[in-house]
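Undergrad: Numbering (the working numbering), first residue to last: 1128 to 1449.
I'd like to ask you about the structure that follows.
Okay, structure coming up:
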């Protein structure tokens, strides 16, 4: 009697488990109308943003309002350095200074960028004070060879406020222009690495001559010859930029080993949409004479930088399809 009861009890339990299993919800179930959506191909899961060459990533193409008319012709040049300073940046602005402190004679990059843009009817403000890094009033921010943690401000109640300002600015459709040692900044912030196109400065060889190859038909490369001579440090990058439109590459005689070597395909400029905004980036721009007009290739460099800035501002088409 006891054995019969146990058999019946066990059979009932097995049957109940089978019925329950047959009607159990799948582990990854969703309510009707709440099915899991597959991310679009322009979504980068590593940086958790929309990025690449698809204009659908631009905030204004998602319903965000256009910038005000006064903003459309203004840029902010930000050249704060939190580490070794490039010679073409010259003397650092006085600590705590506001917008547009007087240029020192050796502030070559900043003063030249401001002058180039003035020729185009564009107003450029300049600062090296992170407390002034409030980009929402500008069509683009030029990250001009600032380095290390230059968007971290220990003087503020929230030291990451400049970083937050940049992220929010991008999400409303802002423009960023990254020049040269902007690739040597904010290594501990993955968002910034993504903004640069999935790239950071790794090392470089000697400052030497090379040939720049114009790769793409783009507003930023309009009027450039197919190849042009230039001199720079030819940064090596890690990681290597991905999901971007390559604009320029370099052909350089390696002339050594280690940092002196360069890739067979060595990009030096590209563009992408990133988290709602536009990014125009180049590793070129080490030498002061590339800015003051006396260096080899200086005329082509000026044409490229000015056109790239205007493109990132939205004044001309940006990162167009070939």
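Ideal placement from N, C-alpha and C gives every residue a C-beta, glycine not left out.
Values in this document were obtained by computation on a predicted structure and should not be read as measured data.
1) Is residue 1283 buried or exposed, if buried means 16 or more other CB atoms sit within 10 Å of its CB?
2) Pop quiz: residue 1303 and residue 1209 are said to be a contact at Cβ under 8 angstroms. What is the actual Cβ separation, rounded to whole angstroms?
3) Residue 1221: buried (16+ other C-beta within 10 angstroms of its C-beta) or exposed?
4) How many whole angstroms separate the CB atoms of residue 1297 and residue 1402, which I take to be in contact at a CB cut-off of 8 angstroms?
5) Taking the alpha-carbon of residue 1451 as reference, which of 1310, 1443, 1272 and 1262 has the nearest alpha-carbon?
6) To test your reading of the DSSP string, which unbroken alpha helix (DSSP H) runs of 4 or more residues are found completely within the stretch 1239-1324?
7) Take the Cβ of residue 1157 as the centre, count every other Cβ of all protein chains shown within 10 Å, and call the residue buried at 16 or more, exposed below.
8) Could you compute how far the alpha carbon of residue 1389 sits from the alpha carbon of residue 1410?
9) Whole angstroms are fine: how far does the CA of residue 1178 sit from the CA of residue 1344?
10) Return yes when the Cβ of residue 1289 is within less than 8 angstroms of the Cβ of residue 1203, no when it is not.
11) Which residue or residues does DSSP assign as beta-bridge partners of residue 1205?
12) For residue 1234, which of helix, strand or coil comes out of DSSP?
13) Could you spell out where the beta strand (DSSP E) holding residue 1176 opens and where it closes?
14) I need the straight-line Cα distance from residue 1350 to residue 1436, nearest angstrom please.
15) Would you identify the three-state DSSP class for residue 1435, choosing helix, strand or coil?
16) As a quick exercise: from 1406, 1340 and 1373, pick the residue whose alpha carbon is nearest that of residue 1320.
17) Could you tell me how far apart the beta carbons of residue 1225 and residue 1259 are, in whole angstroms, since I believe they sit closer than 8 angstroms?
18) Under 7 angstroms Cβ to Cβ from residue 1373, same chain only, skipping five residues before and after it: list those, please.
19) Would you decide whether residue 1281 is buried or exposed? Buried here means 16 or more other CB atoms lie within 10 Å of its CB.
20) Can you check whether the CB of residue 1340 is closer than 8 angstroms to the CB of residue 1364?
21) Rounded to whole angstroms, what's the CA-CA distance from residue 1379 to residue 1356? Just pull it up for me.
22) Can you give the beta carbon distance from residue 1252 to residue 1313, rounded, assuming they're within the 8 angstroms contact cut?
23) Here's a check: name, in chain order, each residue in its chain whose Cβ is nearer than 7 angstroms to the Cβ of residue 1248, leaving out the five neighbours to either side.
24) For a minimum of 4 consecutive residues, which ranges assigned as the alpha helix (DSSP H) are wholly contained in the stretch 1321-1356?
25) Could you check what DSSP says for residue 1196 in three-state terms: helix, strand or coil?
26) Can you give the beta carbon distance from residue 1358 to residue 1423, rounded, assuming they're within the 8 angstroms contact cut?
27) Does the Cβ of residue 1136 have 16 or more other Cβ atoms within 10 Å, making it buried, or fewer, making it exposed?
28) How many Å lie between residue 1323 and residue 1232 at the Cα?
29) Excluding sequence positions up to five away, which residues of its chain have a Cβ less than 6 angstroms from the Cβ of residue 1433?
30) Since residue 1447 and residue 1346 are thought to touch, with beta carbons under 8 angstroms apart, how far apart are those beta carbons, to the nearest angstrom?
TA: Considering the structure as presented:
1) exposed
2) Residue 1303 to residue 1209, Cβ: 18 angstroms. No contact.
3) exposed
4) 5 angstroms
5) Examination of residue 1451 is not possible in this model, given that the chain is present from 1128 through 1449 alone.
6) 1288-1298 and 1317-1322
7) Interpretation of residue 1157 is limited by its pLDDT of 37, a score under 50 that renders its predicted location unreliable; the figure taken from the coordinates is listed afterwards. With fewer than 16 Cβ atoms within 10 Å of its Cβ, residue 1157 is classed as exposed.
8) 13 angstroms
9) Rounded to whole angstroms, residue 1344 to residue 1178 spans 20 angstroms at the Cα level.
10) no
11) 1254 and 1270
12) coil
13) 1176-1179
14) 15 angstroms
15) Note: residue 1435 maps to helix in three-state DSSP.
16) 1406
17) 6 angstroms
18) 1342, 1343, 1394 and 1397
19) exposed
20) no
21) 10 angstroms
22) Between residue 1313 and residue 1252 the Cβ distance is about 21 angstroms, and since that is not below 8 angstroms, they are no contact.
23) Take residue 1248, set aside five residues on each side of it, and the residues of its chain with a beta-carbon closer than 7 angstroms to its own are 1200, in chain order.
24) none
25) Coil.
26) 6 angstroms
27) Any reading at residue 1136 must be qualified, since the residue scores a pLDDT of 46, below 50, and its modelled position is unreliable; the value itself is stated next. Classification for residue 1136: exposed.
28) Straight-line Cα distance between these residues: approximately 30 angstroms.
29) 1243
30) Rounded, the Cβ-Cβ distance is 7 angstroms, consistent with contact.
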